[in-house]
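Only one structure is covered here, and it is reproduced in the block below.
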């Protein structure tokens, strides 16, 4: 076991999670080929190291199937009781349109079947078009299916503050919202975190390492050309860095984080993750896993070995204060997905 007790969080009364979630976007096909057999073996290694919580989606290629095969192997080799050690959080991302119960239930049943579980731990719902109010119909049906035992908890992904409040005011029991949040993109601090604190909603964050850019690998390096951005993640987060302030300012941020990391005896990436873990309402940070290709479990575990102090934050804020306002440029959380 690599991770200490401080890595665990009582997410809901009946669900304890690892605060570093294993992100499975990397198996979607946009980050290179993944060997299924090697991937399942790697998932067992993650579990044994204490990384028990998985973040995935219905559209992440074979991610739900990997979870299903992983659960089946775990039950066969260690017994059904071992399944209680695993938390698998999937997403449903439908096309906008009418949302009768049959459509909602059929989609949930597909995920249950693929993930080899009678009840989804957490279903995170995304909606592309706020102009279509059928998202409320879908969520109400999901609440009914929750009572029927097909899912334990209901959550959102990439909803903005205004629509999260509408959903909560409609009496729908949302436990978390997954949003992009990093030392480059701090939009959740403006409106979202305050509402979440007031209403008891957790934040799960992705993009916290900016697709790997917030790491020692890019410290002191020239700005990468477009053709050098090998993955969808790198392409996405390079655009975010450009909007935030550009490569020169980003290098200043990396230098600052590297100096903080040296003082604490950890890596630059550890500092970037610890900073977001410590922000209000944040329950966990999603770190991408390239199953059977690369792993950073030992380094990631060091996130729990230190705390940032006031001097550390003062240095971070000196760089952040020179950046552009992404809320003004992009909008609130998730607005980049809605044009």
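In the working numbering, the protein residues as written are 732 to 1070.
Every residue gets a Cβ at the ideal spot worked out from N, C-alpha and C, and that includes glycine.
Run through DSSP, which three-state label would residue 1027 get?
coil
Exposed or buried, which one is residue 961 when buried takes at least 16 other CB atoms within 10 Å?
exposed
Measure the alpha-carbon distance for residue 788 versus residue 857 and round it to whole angstroms.
10 Å
Pop quiz: residue 783 and residue 834 are said to be a contact at Cβ under 8 Å. What is the actual Cβ separation, rounded to whole angstroms?
Incorrect: roughly 32 Å between the Cβ atoms, too far for contact.
Note down, in chain order, each residue of its chain lying with its Cβ closer than 6 Å to the Cβ of residue 965, except the 5 sequence neighbours on either side.
942
Proximity winner among 838, 976 and 745, relative to residue 872 (alpha-carbon distances)
838
Taking 7 Å as the threshold (C-beta atoms), are residue 936 and residue 1013 in contact?
yes
Would you mind giving the Cβ-Cβ distance between residue 841 and residue 1058, rounded to the nearest angstrom? I have them listed as a contact below 8 Å.
Going by Cβ atoms, the distance from residue 841 to residue 1058 rounds to 36 Å, so no, they are not a contact pair.
By DSSP, does residue 762 sit in helix, in strand, or in coil?
Low per-residue confidence applies at residue 762: pLDDT is 49, beneath 50, and the placement is therefore not dependable, though the value from the model is reported in the following sentence. In the structure shown, residue 762 sits in coil (DSSP, three-state: anything other than H, G, I, E or B).
So, are the CB atoms of residue 1073 and residue 917 less than 7 Å apart?
Nothing about residue 1073 can be reported from this structure: the residues present for the chain run from 732 to 1070 only.
Distance, Cα to Cα, residue 1050 vs residue 1015?
24 Å
Enumerate in chain order the residues of its own chain whose CB-to-CB distance from residue 797 is below 6 Å, with the five nearest sequence positions on each side excluded.
770
Who are the near neighbours of residue 1011 in its chain, counting only those whose CB is closer than 6 Å to its CB and skipping five residues on each side?
924 and 928
Inter-residue spacing [alpha-carbon to alpha-carbon] between residue 991 and residue 864
46 Å
Contained alpha helix (DSSP H) runs [length at least 4] in the segment 936-999, N- to C-terminal order
963-975 and 978-995
Bridge partner(s) assigned by DSSP for residue 820:
786 and 853
For the putative contact between residue 772 and residue 733, defined by C-beta atoms under 8 Å, what is the C-beta separation to the nearest angstrom?
Not confirmed; about 17 Å, so no contact.
Go ahead and pull the three-state DSSP assignment for residue 903.
coil
Assuming residue 1010 is part of the alpha helix (DSSP H), what are its boundary residues?
Run containing residue 1010: none; DSSP gives neither H nor E here.
Where residue 767 and residue 755 are concerned, what is the direct C-alpha to C-alpha distance, given to the nearest angstrom?
13 Å
Length of the line joining the Cα atoms of residue 1038 and residue 1005
7 Å
What is the DSSP secondary structure of residue 878, counted as helix, strand or coil?
helix
Residue 809: first and last residue of the uninterrupted alpha helix (DSSP H) it sits in
794-809
Which first and last residues belong to the beta strand (DSSP E) in which residue 741 is found?
739-743
Would the beta-carbon of residue 820 fall within 7 Å of that of residue 786?
yes
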